[in-house]
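The numbering used here puts the sequence shown at residues 207 to 485.
What follows is a short report on a single structure.
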Amino acid sequence: MSKILGSVSTSHIPSIGKAIALKLQQDAYWKPFFDGFHKVHSWIAEQKPDVVVVVYNDHGLNFFLDKMPTFAIGAAQSYATADEGWGIATIPPVAGDAKLSWAIIEGVVEDEFDVVTCQEMLIDHAVTIPLQLLWPDLLPPPVKIVPVCINTVQHPLPTAKRCLDFGKAIGRAIHAYGSNQKVMVLSTGGLSHQLDGERAGFINADFDAECLHALINTPEDLTKYSIHQLVELSGTQGLEVLNWIVGRGILGAKAEEMHRNYHIPISNTASAIQILQAV
Ligand code: DHB
Ligand code: FE
Numbered sequence: 207m208s209k210i211l212g213s214v215s216t217s218h219i220p221s222i223g224k225a226i227a228l229k230l231q232q233d234a235y236w237k238p239f240f241d242g243f244h245k246v247h248s249w250i251a252e253q254k255p256d257v258v259v260v261v262y263n264d265h266g267l268n269f270f271l272d273k274m275p276t277f278a279i280g281a282a283q284s285y286a287t288a289d290e291g292w293g294i295a296t297i298p299p300v301a302g303d304a305k306l307s308w309a310i311i312e313g314v315v316e317d318e319f320d321v322v323t324c325q326e327m328l329i330d331h332a333v334t335i336p337l338q339l340l341w342p343d344l345l346p347p348p349v350k351i352v353p354v355c356i357n358t359v360q361h362p363l364p365t366a367k368r369c370l371d372f373g374k375a376i377g378r379a380i381h382a383y384g385s386n387q388k389v390m391v392l393s394t395g396g397l398s399h400q401l402d403g404e405r406a407g408f409i410n411a412d413f414d415a416e417c418l419h420a421l422i423n424t425p426e427d428l429t430k431y432s433i434h435q436l437v438e439l440s441g442t443q444g445l446e447v448l449n450w451i452v453g454r455g456i457l458g459a460k461a462e463e464m465h466r467n468y469h470i471p472i473s474n475t476a477s478a479i480q481i482l483q484a485v
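This is the structure we're talking about:
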């Protein structure tokens with residue numbers, strides 16, 4: 207049986223990619239953010255994951271507004287990155303675990319989640335930047351990935367409850383998969399932010415704190431919010447918290463918080479990091 211170790215969740219702001227390229231980790235603006243990853247590096251060194259299920263949202267690189275799957279899962283042997291217009295460096299292709307992808311796809315479809323399966327898939331900053339943060343000197347990272355893409359962009363979006371249930375179905379599929387691989391979850395995006403419109407720059411630290419607390423052991427508490435309430439509370443792009451809710455669902459009933467770092471702002475976003483260990 208595969209083992210689910212736990213999850214690391216992090217914001218995926220494109221300017222982090224530029225800061226990495228320019229080696230600004232010790233710069234006063236960036237240090238409080240990058241320092242939050244020391245504990246992540248030691249946790250990963252202890253846990254030694256083989257595979258990472260990356261739960262994220264695509265920002266128009268792989269899917270555009272004309273074709274937008276609610277839930278899509280990559281089933282490729284390799285995932286290329288491409289210039290997506292943020293001016294950040296592409297990284298070498300990242301290896302996929304296509305066998306685990308298919309086990310997850312079969313499991314969730316059996317569980318009545320009608321996912322789009324992608325045997326070819328590009329990955330954007332929401333995957334590449336978190337991988338660079340977790341494995342800073344190793345490109346490509348020394349793990350295989352399964353990309354799980356959630357529509358947090360083009361309405362109608364899946365509800366928070368649907369996202370939590372989807373995560374639970376992925377967790378069941380991983381548990382049922384007959385290998386002794388160690389699987390880690392990496393959820394990316396958020397927390398509160400709004401990049402455009404009248405509320406551009408909106409951040410809600412109180413709501414972020416509520417989410418970080420609920421994600422530990424009471425993620426059901428977040429399912430009381432409708433998508434419109436989540437927009438009000440966390441901003442139009444703060445809806446990326448849906449990725450964190452899917453990721454939390456994968457872990458199962460109980461988790462222990464090993465680390466948290468919350469820093470405002472990086473770019474327009476409340477940046478947050480959380481490690482949850484599956485219990
Ligand atoms: C920013 C944040 C995001 O989540 C994103 O996808 C793009 C930009 C930002 O804060 O700049
Ligand atoms: Fe984003």
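Backbone N, C-alpha and C fix where the C-beta goes; we use that ideal spot for every residue, glycine too.
Predicted, not measured: the structure shown is a model, and the values here were computed from it.
heavy atom of the ligand FE below 7 Å from residue i C-beta
i           : result
residue 225 : no
residue 469 : no
residue 332 : yes
residue 446 : yes
residue 395 : yes
residue 361 : no
residue 443 : yes
residue 265 : yes
Beta-carbon proximity check, residue i vs residue j, cutoff 8 Å
i           : j           : result
residue 384 : residue 262 : no
residue 346 : residue 280 : no
residue 208 : residue 381 : yes
residue 476 : residue 399 : yes
residue 445 : residue 436 : yes
Sheet register partners of residue i (DSSP bridge)
i           : result
residue 467 : 479
residue 390 : 212, 258
residue 353 : 260
residue 285 : 300
heavy atom of the ligand DHB below 7 Å from residue i C-beta
i           : result
residue 215 : no
residue 358 : no
residue 220 : yes
residue 401 : yes
residue 473 : yes
Cβ-based neighbour list, residue i, same chain, cut-off 8 Å, excluding 5 preceding and 5 following
i           : result
residue 378 : 313, 317
residue 343 : none
Sequence-distant residues of its chain with Cβ nearer than 6 Å to residue i (five each side left out)
i           : result
residue 374 : 455
residue 168 : Any property of residue 168 remains undetermined from this structure, which presents the chain solely from 207 to 485.
Spatial neighbours of residue i in its chain, beta-carbon cut-off 7 Å, leaving aside the 5 residues before and after
i           : result
residue 288 : 267, 296, 328
message: Across the region 287-305 and the region 247-254, are there enough close Cβ pairs to call them in contact, namely three or more that are closer than 8 Å?
response: no
- prompt: Three or more beta-carbon pairs under 8 Å between the region 257-277 and the region 328-342, yes or no?
  reply: yes
- prompt: Do three or more CB pairs link the region 450-469 to the region 207-220 at distances below 8 Å?
  reply: yes
field: the region 468-480 / the region 223-242 touching (three or more Cβ pairs under 8 Å)
entry: yes
- prompt: Taking three-plus beta-carbon pairs below 8 Å as touching, is the region 276-294 in contact with the region 422-438?
  reply: no
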